[in-house]
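Protein chains in written order, with my numbering: chain A, 1 to 174; chain B, 1 to 124.
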């Protein structure tokens with residue numbers, strides 16, 4: 001509170017106010033009911049550029065909480081892993097049972113919806129014969145595919161990384 | 001539920017080295033689990049799975065944007081975690097498995113996960 005008042009009252013004007021300044025006690029030791037109010041704050045009919053009322057305690061607490069929340073959100077806290085909220089056994093069993101029931105209701109439908117193609121294993125006999133009796137690809141295309149595949153295999157087999165520059169260098173050097 | 005497990009099993013069998021797929025909520029409570037015999041049991045426990053949410057939250061504070069996927073490579077196993085529509089997806093595989101294939105699998109699982117999330121999780 002003293003710091004707020006000193007900001008309001010200025011810092012280099014002690015001589016204007018005699019003994020009162022930023023370090024002057026607001027509440028006198030001799031009389032607990034007497035409050036020493038710096039001269040600048042006393043309203044003598046002048047229009048002051050700032051509010052003469054002090055910030056409410058609630059506003060300060062809210063501001064402090066906001067600052068704490070902001071810091072907590074930005075600070076990396078590794079120890080939080082050691083303090084994970086423990087799920088009680090009852091809650092664990094209850095929730096896993098609920099999940100199991102809900103999944104059992106829709107499991108078959110979801111499995112059918114997201115079923116993956118299994119090639120020709122599920123194809124009927126007639127369709128298999130139809131596919132097998134279709135005209136095969138041309139021999140030229142087959143030869144091209146085979147040659148490219150052999151080249152790719154050879155190149156990938158011979159692929160090597162040759163280490164040249166040092167991986168570790170002093171910082172700042174080029 | 002068994003139909004869904006069979007469906008997840010087809011994804012597991014497609015990728016060499018993949019051992020299990022676990023879907024759970026953010027607290028680590030499993031929704032559905034499909035694992036092979038060789039899948040390590042600790043990797044399917046709620047204590048392990050729920051740590052992902054906290055790790056992901058903290059990783060989002062590094063200034064690189066929010067965390068989407070965590071890939072943890074251990075000596076003998078690899079685990080890929082990601083969160084999609086409120087469900088934590090954990091894919092467990094051997095250390096020899098190809099990581100990009102695990103990621104591709106998680107991408108292809110997203111439509112199914114979204115439907116499971118709508119059916120199982122409480123609306124926020």
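Ideal Cβ positions, reconstructed from N, Cα and C, are used throughout, including at glycine. Bear in mind the structure is a predicted one, so any value in this text is a computation, not a measurement.
{"query": "Sort B/37, B/81, B/29 and B/95 by Cα distance to residue 96 of chain A and report the nearest one.", "result": "B/29"}
{"query": "With 16 other CB atoms within 10 Å as the buried threshold, where does residue 78 of chain B fall?", "result": "buried"}
{"query": "Should the region 159-170 of chain A be regarded as contacting the region 53-70 of chain B, the criterion being three or more beta carbon pairs within less than 8 Å?", "result": "no"}
{"query": "To which residues does DSSP link residue 71 of chain B through a beta bridge?", "result": "B/80"}
{"query": "Find the residues of chain B that neighbour residue 95 of chain A, judging by a C-beta separation of less than 9 Å, and give them in chain order.", "result": "25, 27 and 29"}
{"query": "Please state if the CB of residue 105 of chain B and the CB of residue 91 of chain B are separated by a distance shorter than 8 Å.", "result": "yes"}
{"query": "Straight-line CA distance for residue 8 of chain B to residue 24 of chain B?", "result": "14 Å"}
{"query": "I'd like the ranges of any alpha helix (DSSP H) spanning at least 4 consecutive residues and lying wholly in the region 95-135 of chain A.", "result": "125-132"}
{"query": "Going by CA-CA distance only, name the one from A/67, A/103 and A/142 that's closest to residue 31 of chain B.", "result": "A/103"}
{"query": "For residue 108 of chain A and residue 2 of chain B, I'd like the C-alpha separation in whole angstroms.", "result": "8 Å"}
{"query": "Using the Cβ count rule (16 or more neighbours within 10 Å means buried), how would you classify residue 33 of chain A?", "result": "With a pLDDT of 47 at residue 33 of chain A, under the threshold of 50, the modelled position of that residue is not reliable, and the figure given next carries that caveat. Exposed, because fewer than 16 other Cβ atoms sit within 10 Å of the Cβ of residue 33 of chain A."}
{"query": "DSSP three-state call for residue 90 of chain B: helix, strand or coil?", "result": "strand"}
{"query": "Which partner residues of residue 18 of chain B appear in the DSSP bridge assignment?", "result": "B/93"}
{"query": "So, are the CB atoms of residue 111 of chain A and residue 36 of chain B less than 8 Å apart?", "result": "no"}
{"query": "Name the residue from B/34, B/27 and B/54 whose alpha carbon lies nearest to the alpha carbon of residue 12 of chain B.", "result": "B/34"}
{"query": "Does any residue of chain B have a CB that is nearer than 8 Å to the CB of residue 132 of chain A?", "result": "no"}
{"query": "Identify the contact partners of residue 77 of chain A in chain B, using a Cβ-Cβ distance below 7 Å as the criterion.", "result": "58"}
{"query": "Assuming residue 75 of chain B and residue 95 of chain B make a contact with CB atoms under 8 Å, what is their CB distance in whole Å?", "result": "7 Å"}
{"query": "Helix, strand or coil for residue 111 of chain B, going by three-state DSSP, please let me know.", "result": "helix"}
{"query": "Whole angstroms is fine: what's the gap from residue 21 of chain B's alpha carbon to residue 61 of chain A's?", "result": "47 Å"}
{"query": "Helix, strand or coil: how does DSSP classify residue 64 of chain B here?", "result": "coil"}
{"query": "Report yes or no: is there a C-beta of chain B within less than 8 Å of the C-beta of residue 106 of chain A?", "result": "yes"}
{"query": "Any idea what DSSP makes of residue 5 of chain B, helix, strand or coil?", "result": "helix"}
{"query": "Helix, strand or coil for residue 123 of chain B? Go by DSSP, reduced to three states.", "result": "coil"}
{"query": "Any Cβ of chain A within less than 8 Å of the Cβ of residue 85 of chain B?", "result": "no"}
{"query": "Please tell me whether residue 10 of chain B and residue 116 of chain A are closer than 8 Å, where the distance is taken between their beta carbons.", "result": "yes"}
{"query": "Among B/118, B/123, B/80 and B/122, which one has its Cα closest to the Cα of residue 107 of chain B?", "result": "B/80"}
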